[in-house]
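Please read the structure below before turning to the comments.
Residue numbers (the numbering used here), protein chains in the order written: chain A, 1 to 583; chain B, 1001 to 1109.
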């Protein structure tokens, strides 16, 4: 049996079912052992040992290894035995049982793979990829996340190994330079392709690590000398925990699995000087397109991967040709993505269920929100849509934090980029948005704030921290509330103070979902008059109540505590336009 | 499976105030909709699927690390084995935060 080479499964002699697996220890023969250098270890002997122990009539192997070296060896052994590698959704026992629920199927876990001792992290010497007929099914991937839906999608050698080779061609030497470190586990198709198969196809080593925490990732990057990081937006975002310099600027980053927020790309560049290649694709279609940041900024368009031909029809992305699509899939293949043709590539307009049609014009809410945030003077914003029974079809509303900007200028800026019917209406100004610590802003909160801000006086945020919020309210002289209240002696009514100052300020600072229920301990101590600048002090919700104080020139005018209902009022079953989300 | 003697945090002193803050932070930062801070047992495992654990996953641990850093300015600065101990339960987290804060104060003094 030649060492280090995988041969086509049909030419292998039959192996007996049970063979003692030798456990190699120490450095591989022929490998220079140097205590300082983290030399790559060669999996060829491990693959031999593992393959030798597999039953002869095996159909499938669930490769349930978390550790990349174990996974690579188990995968190679599976293919040598002529079996199909099943990639589980996750490594929980329930999922593994589902995945293994097939005839002549075996599960290989980390403990089943006899790896030699190696420094942490070790480098995995590239394994040669087998040469198999392109229509041979080599893997099965579960395409759904729910326990009830156990759809297995077969992947042929053409799809999987072909894509690995194509990725190596497209990126080797530029951005996929070894060693390659992945934070995505190898049983996910993206981790498998970018973390193992494409590096191996490019002759590059992979890093054998399961590091996940940012500090552990930085440590593994440094120790392994990795030049490429394969990761996903949720992991990349957490690298903000690190200090500048903890990741070498020469490292190139790949991101896939979810849209990469521009803010995360910018953070990676500003903090570490690294650029990111975002890969767009899906488990079902394989890779489709890519784009790479410059100076931390993502270009607006994606470029198709080599071998992939796309088309955009009626605002939808289609795959006209792709070797990574299942052979049986229709071509052109309709993707679930909105797109706009751009040169040889396309602009991604978001998932199709993110796109709404207003008066027949198609607009992506995410793109609208991004455009809003791009307008000079806009510090924050959120966009929501709901169906409109009238001629518009959908109604788009927005909140914007733009203390010094003219709202009509903001609207005009949006109207330049989008059809005027798609400009949010109303586009309402708020002093701040009540995002949670992780930046989330649920839809019900946006809707509540939209409602409560409708009659607000101009409010400006001065300071906010965990213990209090301070805003300033300007009382317009011509407020209708002053009419007749009282003639010759205009005083802002208590009710107006609550409706126009307290409720809008509270809902802007703290996530409020339900209507106001009660105001307690309300005291009017001093009057508020036209033209006044009033300080609004708010305390964070405590036992469901937000304490407030309105003051003028340091003197207290009004105090109290407002309690909001914990749930939205009934009937708020607004449909699925997505809630605003930011990294 | 940890043997009872090896359960991280078993012998650590409690920090009631900090534990209460961290329980609230977990619910808020991870947006756990049907869990209140009082529901979280301070010594129960936060991660994994064992019965009695809170059932958080690996993305939750990253979000929680960021929320803790934002709130208390602390980081683990180490590998994932140590992280597993620190993030094991509310108790181990509170002990970690209390210790790190003291260290920072000493450094600044």
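In this text, a Cβ means the ideal position worked out from N, Cα and C, and glycines have one as well.
In this structure, does DSSP put residue 188 of chain A in helix, strand or coil? coil
Which word fits residue 495 of chain A, buried or exposed, when buried means at least 16 other C-beta atoms lie within 10 angstroms of its C-beta? exposed
Checking contacts by CB at 8 Å: is residue 238 of chain A closer than that to chain B? Judged by the 8 Å Cβ criterion, residue 238 of chain A is in contact with chain B.
Rounding to the nearest angstrom, what Cα-Cα distance links residue 148 of chain A and residue 437 of chain A in this structure? Unreliable positioning characterises residue 148 of chain A in this predicted model, as indicated by a pLDDT of 42, which lies under 50. A coordinate reading is not provided.
In whole angstroms, give me the CA-to-CA distance for residue 22 of chain A and residue 287 of chain A. Summary for residue 22 of chain A: the model assigns pLDDT 38, below 50, so the residue's position carries little reliability; its value from the coordinates is reported in the next sentence. Whole-angstrom Cα-Cα distance: 39 Å.
Per DSSP, what kind of secondary structure is residue 8 of chain A in: helix, strand or coil? A caution first: residue 8 of chain A carries a pLDDT of 32, below 50, which makes its placement in the model unreliable, though a value can still be read off. Note: residue 8 of chain A maps to coil in three-state DSSP.
Are the beta-carbon atoms of residue 73 of chain A and residue 46 of chain A separated by less than 8 Å? Against a cut-off of 8 Å, the Cβ pair of residue 46 of chain A and residue 73 of chain A comes out as a contact.
Report the three-state DSSP secondary structure of residue 337 of chain A (helix, strand or coil). strand
Have a look at residue 347 of chain A and residue 337 of chain A and give me their C-alpha separation to the nearest angstrom. Rounded to whole angstroms, residue 347 of chain A to residue 337 of chain A spans 10 Å at the Cα level.
What residues of chain C sit near residue 1039 of chain B, judged by a beta carbon separation below 9 Å? This model lacks chain C altogether; the protein chains it does include are A and B.
Tell me whether residue 256 of chain A sits in a helix, a strand or coil according to DSSP, three-state version. coil
If I follow the unbroken alpha helix (DSSP H) through residue 448 of chain A, where does it start and stop? 443-452
Mapping DSSP to helix, strand and coil, what is residue 137 of chain A? strand
Quick test of your reading: residue 431 of chain A and residue 459 of chain A, contact by CB under 8 Å. State the CB separation rounded to the nearest angstrom. 4 Å
If contact means a Cβ-Cβ distance below 8 Å, which residues of the region 205-217 of chain A contact chain B? Only those residues of the region 205-217 of chain A whose C-beta falls short of 8 Å from the nearest C-beta of chain B are listed: 210, 211, 212, 213, 214, 215, 216.
At which residues does the alpha helix (DSSP H) containing residue 564 of chain A begin and terminate? From DSSP, residue 564 of chain A is part of no alpha helix (DSSP H) but of the beta strand (DSSP E) over 555-564.
Residue 1046 of chain B versus residue 546 of chain A - alpha carbon distance: In a straight line, the C-alpha of residue 1046 of chain B is about 31 Å away from that of residue 546 of chain A.
Using a threshold of 8 Å, state whether the C-beta atoms of residue 312 of chain A and residue 319 of chain A are closer than that. Taking 8 Å as the Cβ cut-off, residue 312 of chain A and residue 319 of chain A do not qualify as a contacting pair.
Under three-state DSSP, which class holds residue 276 of chain A? strand
Name the residues in the region 1010-1027 of chain B whose C-beta lies less than 8 Å from a C-beta of chain A; which are they? 1025
Residues in the region 430-443 of chain A with C-beta within 7 Å of chain B's C-beta atoms, listed in sequence order? 436, 437, 438, 440
Own chain partners of residue 69 of chain A with C-beta closer than 6 Å, once the 5 adjacent residues on each side are dropped: 115, 124, 208
Residue 208 of chain A bridges to which residues according to DSSP? Bridge partners of residue 208 of chain A: A:122.
Could you give the distance in angstroms between the alpha-carbon of residue 52 of chain A and the alpha-carbon of residue 1029 of chain B? 49 Å
Can you find the residues in the same chain that come closer than 7 Å, C-beta to C-beta, to residue 273 of chain A, ignoring five residues on each side of it along the sequence? 249
Per-residue DSSP class, three states only, for residue 1071 of chain B: helix
Proximity test, Cβ basis, 8 Å: residue 1062 of chain B and chain A: yes
What's the C-alpha gap between residue 236 of chain A and residue 408 of chain A? 37 Å
Which residues in the same chain have their Cβ closer than 8 Å to the Cβ of residue 596 of chain A, if we skip the five residues on either side of it in sequence? Absent from the model: residue 596 of chain A. The displayed extent of chain A is 1 to 583, so no value can be given.
Give the straight-line distance between the Cα atoms of residue 202 of chain A and residue 134 of chain A, rounded to the nearest whole angstrom. Residue 134 of chain A has its alpha-carbon roughly 19 Å from the corresponding atom of residue 202 of chain A.
Going by Cα to Cα distance, which pick from B:1098, B:1101, B:1037, B:1091 is closest to residue 1008 of chain B? B:1091
So which residues of chain A does residue 1075 of chain B contact, with C-beta pairs closer than 7 Å? 215, 241
Give a yes or no on contact between the region 486-503 of chain A and the region 516-535 of chain A, applying the rule of three or more CB pairs nearer than 8 Å. yes
Could you tell me if the beta carbon of residue 165 of chain A falls within a distance shorter than 7 Å of some heavy atom in the ligand GDP? The model depicted lacks the ligand GDP and carries no ligand whatsoever.
Would you kindly work out how many angstroms separate the C-alpha atoms of residue 405 of chain A and residue 411 of chain A, rounded to a whole number? 11 Å
Give a yes or no on whether the minimum CB-CB distance between residue 583 of chain A and chain B is below 8 Å. Here residue 583 of chain A scores only 27 on pLDDT, less than 50, and its place in the model is too uncertain to base an answer on.
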